[in-house]
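In my numbering, the protein residues as written are 261 to 356. Ideal Cβ positions, reconstructed from N, Cα and C, are used throughout, including at glycine.
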């Protein structure tokens, strides 16, 4: 037995009951909620961090071996911009 919320009146009742005792709504007619498709803000935060950290490792390996680190700097910058943009997007949508 569990306590559930009615989809119509939002009041709580026992899951043993077939219908809501408050508004007589049938739980079988409840609208089905779908998960949003696509990557969420946490995925974008992770990808931005991975790009920035990977670019940092690439930069230090390029400097140690005497190669040009320009592309690594670009990757670090893009990773940071991606991360900051995802943080702003998350804050604006209230998913902090």
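Same chain, Cβ closer than 6 Å to residue i, neighbours up to 5 away in sequence not counted
i, result
"residue 271", "282"
"residue 263", "272"
"residue 346", "301, 304, 305 and 308"
"residue 322", "329 and 332"
Residues that DSSP places opposite residue i in a beta bridge
i, result
"residue 273", "264"
Residue j beta carbon less than 8 Å from that of residue i
i, j, result
"residue 315", "residue 332", "yes"
"residue 349", "residue 311", "no"
"residue 268", "residue 285", "yes"
Own chain partners of residue i with C-beta closer than 7 Å, once the 5 adjacent residues on each side are dropped
i, result
"residue 318", "332 and 335"
"residue 320", "none"
"residue 290", "267"
(request) Count the CB pairs spanning the stretch 322–336 and the stretch 274–281 that are closer than 8 Å, and state whether there are at least three. (result) no
(request) Identify every run of the beta strand (DSSP E) within the stretch 306–346, keeping only runs that are complete inside it and at least 3 residues long; order them along the chain. (result) none
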